[in-house]
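As structure tokens, the structure follows; a few thoughts come after it.
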Amino acid sequence: MPAWSTHVHETAGVPGSRVLVAVTDGRERPDGRTFLVVQGFQSWVEAFEMQRFELIAGVLNARLVVVEVPGFGVAGSRLLPRERRALRAGDFGQLAERMFDAARAVLGETAPEQELSLLGYSMGASVATAITKAAAAEGFTVDQLVLVEPVALRRWRITELVARTRREDRWIADYVATNTAVAGAVAPWDQRPGVRPPTRRYADLLTLGAALRHGRLGRDLRHGVRPRGVIVVRGDRSALSEAAYQPMLEALRRRGVAATELIVPGHHAFWHSLVAVDAMAHQLRSALDTPR
1 MPAWSTHVHE
11 TAGVPGSRVL
21 VAVTDGRERP
31 DGRTFLVVQG
41 FQSWVEAFEM
51 QRFELIAGVL
61 NARLVVVEVP
71 GFGVAGSRLL
81 PRERRALRAG
91 DFGQLAERMF
101 DAARAVLGET
111 APEQELSLLG
121 YSMGASVATA
131 ITKAAAAEGF
141 TVDQLVLVEP
151 VALRRWRITE
161 LVARTRREDR
171 WIADYVATNT
181 AVAGAVAPWD
191 QRPGVRPPTR
201 RYADLLTLGA
211 ALRHGRLGRD
221 LRHGVRPRGV
231 IVVRGDRSAL
241 SEAAYQPMLE
251 ALRRRGVAAT
261 ELIVPGHHAF
271 WHSLVAVDAM
281 AHQLRSALDT
291 PR
């Protein structure tokens, strides 16, 4: 698997604006795909998470630029006041703009007309969709938007969202256990002695989680973004991504967007299994390579 490197982006004079960006490059040619990646809730750039993205980069022959969500991870990061205000209404747009600026700094001289793709898991699907709008506004061509286990395709009662999340989280340990079959696999950070995220802002985490209940992702996809293609990846036993999104896919197709659904075995937590992610990545590569 390709190695990974990290970079910190900070807006001068803005306390708490630090964003950590990690890059893993599995391209065989310089013109291979680049994916901007957004992680799920309470995930940060560390070895357990990055081994997954190294694997995906290798399978897809792509460069993955993983942008950490502020408030959990790199020292001193947090949501900014305007981002908190927007998130209380379910709007990830303000946060997405800052995260895209951090990605741009790492991409360096990448020309705006160069194609970018995006990939987000769970909450990250909402942020990735919002970044799609930010990238398009900067003149980038957005090729593929890959939404793995999107949660905010519909409105949720907060009690229902919490209950379903807890139900799905019970499967995490079972999926992590499958990694024993992978040579050199790294355990989750909370199972590695002495490893802790430098920043863990509980108020920010509550704000991010609660933003999902508004279901803005569905509206953003129907009206706000227009990549060339949207691929929804969902587990066939997930209680969090089972919202009826076929009408949303049909609406995208009517707007000329190639919309595809990939069903993979398992629950929302399949993301924690390298074995399951490897199988998903191969399905995704087939979908990306299929002419539309």
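Each residue of the sequence shown is one higher than the one before, counting from 1 in the UniProt record's numbering. Idealized CB from N, CA, C, for every residue including glycine. Keep in mind it's a predicted model, so treat the numbers as computed, not measured.
For residue i, the residue or residues it bridges with in DSSP
i    : result
V66  : A22 and V37
T141 : E115
T199 : G73
G235 : V264
V230 : L145 and A259
Contact under 8 Å by Cβ, residue i with residue j
i           : j    : result
A281        : I56  : yes
A177        : L147 : no
L24         : F53  : In the sequence under discussion, the amino acid at residue 24 is Thr, which differs from the Leu named in the question. Yes, they are a contact pair.
residue 336 : L284 : Outside the shown range of the chain, which is 1 to 292, sits residue 336, and nothing can be said about it.
V162        : V38  : no
R155        : H223 : no
A135        : L116 : yes
R78         : G71  : yes
E168        : W271 : no
H7          : V106 : yes
V65         : L36  : yes
A279        : V257 : no
T260        : A287 : yes
Y175        : A276 : yes
L87         : A211 : yes
G58         : G26  : yes
W171        : A269 : yes
Per-residue DSSP class, three states only, for residue i
i    : result
A259 : strand
H7   : strand
G209 : helix
F92  : coil
G73  : strand
S122 : coil
S286 : helix
L147 : strand
P188 : coil
P15  : coil
S152 : Going by the sequence as given, residue 152 is Ala instead of Ser. Here A152 sits in coil by DSSP.
Q246 : helix
W171 : coil
L252 : helix
A134 : helix
P30  : coil
V176 : helix
W271 : helix
R166 : helix
Q51  : helix
Inter-residue Cα distance where the pair is residue i and residue j
i    : j    : result
R85  : G209 : 14 Å
I158 : A89  : 14 Å
R142 : R226 : According to the sequence as given, residue 142 is Val; it is not Arg. Cα to Cα, V142 sits roughly 8 Å from R226.
D31  : N61  : 10 Å
A173 : R254 : 41 Å
S43  : D236 : 23 Å
L80  : T207 : 12 Å
V19  : A12  : 12 Å
R63  : H9   : 19 Å
M99  : R216 : 18 Å
S273 : N179 : 6 Å
W4   : V14  : 27 Å
V151 : A203 : 20 Å
S241 : G229 : 19 Å
T129 : V195 : 31 Å
M50  : A185 : 11 Å
Q114 : F140 : 6 Å
G120 : V67  : 10 Å
D91  : D289 : 32 Å
Whole-angstrom C-beta distance between residue j and residue i, which should lie under 8 Å
i    : j    : result
V21  : A102 : 5 Å
Y245 : L153 : 5 Å
G40  : M123 : 5 Å
G108 : T199 : Going by Cβ atoms, the distance from G108 to T199 rounds to 26 Å, so no, they are not a contact pair.
Interface flag, residue i vs chain D, CB-CB below 8 Å
i    : result
M280 : No chain D is present in this structure, which holds just one protein chain.
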